[in-house]
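Novice: Each residue of the sequence shown is one higher than the one before, starting from 1 at the first, in my numbering.
Each residue gets a CB set at the ideal place from its N, CA and C atoms; glycine is no exception.
There's a structure below that I have some questions on.
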Amino acid sequence: MKLVMLGAPGAGKGTQAKMIADTYGIPHISTGDIFRANIKEGTELGTKVKTYMDQGLLVPDELVVDLVVDRVQKDDCKNGYVLDGFPRTIPQAESLDAALAKAGDKIDFAINVDVPDENIVERMSGRRACVSCGATYHIVSIPPKQEGICDRCGAKLILRDDDKPETVKKRLDVYHAQTQPLIDYYEKCGALKNVDGTVDMMQVFAQIQDILK
1 MKLVMLGAPG
11 AGKGTQAKMI
21 ADTYGIPHIS
31 TGDIFRANIK
41 EGTELGTKVK
51 TYMDQGLLVP
61 DELVVDLVVD
71 RVQKDDCKNG
81 YVLDGFPRTI
91 PQAESLDAAL
101 AKAGDKIDFA
111 INVDVPDENI
121 VERMSGRRAC
131 VSCGATYHIV
141 SIPPKQEGIC
151 DRCGAKLILR
161 DDDKPETVKK
171 RLDVYHAQTQ
181 PLIDYYEKCG
191 ALKNVDGTVD
201 MMQVFAQIQD
211 ILK
């Protein structure tokens, strides 16, 4: 099974991707991991990526697609994989499909973890992170034993800048402009499957398992 995970920032698609990978014994692939692995191994593609990243530039679509296609052709992907955070745009999706088609392959399902914006703002603005050990909490769903204090190390808990409501709203605007069109793209391809991301994460996973049966 070859899967693409879709969903807004904070929808929980990364958590679901990890659960799918663990349950079905297939790799969970994110572009960040691919970049780091290629840079560390000093591959030709990794050297190109590093050149862009060192200059603070976005890695071009063509290079990202080359890296992803190179990754999914490795032996551990023969039974499938979960792509998380890629593709982000229609051109990336089209390039990926074209490259996979050349190898006689295609994406089986694009699973969209659907969560309304207001839920995401509430969810992310309730997150708290420890300034010392990095442990994360949520004031509603995973509260610390003592308000504002980390259970693990006793340091202070903070609301990170990227979890502040105004920042989350900006990230959602970018998502809707750039990535939301992918939902229409995969719907037209017949690969889109929507799951309700507002319920408990195990219930979300149960919906995904029903799709993959």
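Judging by CA-CA distance, which residue of ASP97, GLY42 and LYS13 is the nearest neighbour of GLU62?
Specialist: The count along the sequence shown starts at 1 and reaches residue 62 at position 62. The option with the nearest alpha carbon to GLU62 is ASP97.
Novice: Pick from LYS2, THR136 and PRO144: whose alpha carbon is nearest that of ASP105?
Specialist: One-based indexing of the sequence shown puts residue 105 at position 105. Of the listed residues, the one whose Cα sits closest to ASP105 is LYS2.
Novice: Taking C-alpha atoms, which residue in PRO116, ALA17, THR167 and ASP70 lies nearest to ALA37?
Specialist: Looking up residue 37 in the sequence shown gives position 37. Closest by alpha carbon: ASP70.
Novice: What are the start and end residues of each continuous beta strand (DSSP E) run of 3 or more residues lying completely inside the stretch 57–84, in chain order?
Specialist: 81–84
Novice: Nearest CA to the CA of TYR186: which residue from LYS145, VAL204 and GLN92?
Specialist: Position 186 of the sequence shown holds residue 186. With distances taken between Cα atoms, TYR186 lies closest to GLN92.
Novice: Within its chain, find whatever has a CB closer than 8 Å to the CB of LYS40; leave out the 5 residues flanking it on each side and keep chain order.
Specialist: Within the sequence shown, numbered from 1, the residue matching residue 40 stands at position 40. Correct list, in chain order: GLY46.
Novice: Pick helix, strand or coil for ASP117, following the three-state DSSP scheme.
Specialist: Working through the sequence shown from its first residue, we reach residue 117 at position 117. Three-state DSSP puts ASP117 in a helix.
Novice: Among residues of its own chain, excluding the 5 on either side of SER217, which ones have a beta-carbon nearer than 8 Å to its beta-carbon?
Specialist: Outside the modelled stretch of the chain, which goes from 1 to 213, sits residue 217, for which no answer is possible.
Novice: What is the DSSP secondary structure of VAL4, counted as helix, strand or coil?
Specialist: As a position in the sequence shown, residue 4 is number 4, starting the count at 1. Reduced to three states, the DSSP call for VAL4 is strand.
Novice: Using 8 Å for Cβ pairs, my map puts ASP12 next to VAL174. What's the rounded Cβ distance?
Specialist: Counting from 1 along the sequence shown, the entry for residue 12 is found at position 12. Counting from 1 along the sequence shown, the entry for residue 174 is found at position 174. At residue 12 the sequence reads Gly, which differs from the Asp that was named. About 18 Å separates the two Cβ atoms, so there is no contact after all.
Novice: By DSSP, does VAL195 sit in helix, in strand, or in coil?
Specialist: The count along the sequence shown starts at 1 and reaches residue 195 at position 195. In the structure shown, VAL195 sits in a strand (DSSP, three-state: E or B).
Novice: Taking buried to mean at least 16 other C-beta atoms within 10 Å of its own C-beta, is HIS176 buried or exposed?
Specialist: Start at 1 with the first residue of the sequence shown, and residue 176 comes out as number 176. By the 10 Å Cβ count, HIS176 comes out exposed.
Novice: With C-beta atoms as the reference, is ILE107 less than 8 Å away from LEU182?
Specialist: Within the sequence shown, the letter at position 107 stands for residue 107. Within the sequence shown, the letter at position 182 stands for residue 182. For ILE107 and LEU182, no; Cβs fall outside 8 Å.
Novice: Given a cut-off of 8 Å, decide if LEU172 and ASP112 are closer than it, judged by their beta-carbon atoms.
Specialist: The residue you call residue 112 lines up with position 112 of the sequence shown. The residue you call residue 172 lines up with position 172 of the sequence shown. Looking at the sequence itself, residue 112 is Asn, so the reference to Asp does not match. It is not a contact, given that the beta carbons lie outside the stated cut-off.
Novice: Assuming ARG123 and GLY10 form a contact by the criterion Cβ under 8 Å, report the distance between their Cβ atoms to the nearest whole angstrom.
Specialist: Translated into the one-based positions of the sequence shown, residue 123 becomes position 123. Translated into the one-based positions of the sequence shown, residue 10 becomes position 10. Yes, ARG123 and GLY10 are in contact; Cβ-Cβ is about 6 Å, under 8 Å.
Novice: Taking all protein chains shown into account, do 16 or more other C-beta atoms lie within 10 angstroms of the C-beta of THR23, making it buried, or fewer, making it exposed?
Specialist: Stepping through the sequence shown from its first residue, residue 23 is reached at position 23. Classification of THR23: exposed, given that the 10 Å Cβ count is below 16.
Novice: Could you tell me if ASP84 is buried or exposed, where buried requires 16 or more neighbouring beta carbons within 10 angstroms of its beta carbon?
Specialist: One-based indexing of the sequence shown puts residue 84 at position 84. Buried.
Novice: Taking all protein chains shown into account, do 16 or more other C-beta atoms lie within 10 angstroms of the C-beta of LEU67, making it buried, or fewer, making it exposed?
Specialist: As a working mapping, residue 67 is identified with position 67 in the sequence shown. Buried, by the Cβ-count rule.
Novice: Are ILE216 and ALA8 closer than 8 Å when you measure CB to CB?
Specialist: Beyond the ends of the chain as shown, which are 1 and 213, falls residue 216; an answer cannot be given.
Novice: Check for me: the beta strand (DSSP E) holding ALA129 runs from which residue to which?
Specialist: Residue mapping note: residue 129 aligns to position 129 of the sequence shown, counting from 1. Its beta strand (DSSP E) spans residues 127–130.
Novice: Among the residues of its own chain, which have a CB less than 8 Å from the CB of ILE211, if the five just before and after it don't count?
Specialist: If you number the sequence shown from 1, residue 211 lands on position 211. The residues are PHE109, ILE111, LYS193 and VAL195.
Novice: Measuring straight from C-alpha to C-alpha, what distance separates VAL64 and ASP117?
Specialist: Numbered from 1 along the sequence shown, position 64 holds the residue referred to as residue 64. Numbered from 1 along the sequence shown, position 117 holds the residue referred to as residue 117. For VAL64 and ASP117, the distance between alpha carbons rounds to 28 Å.
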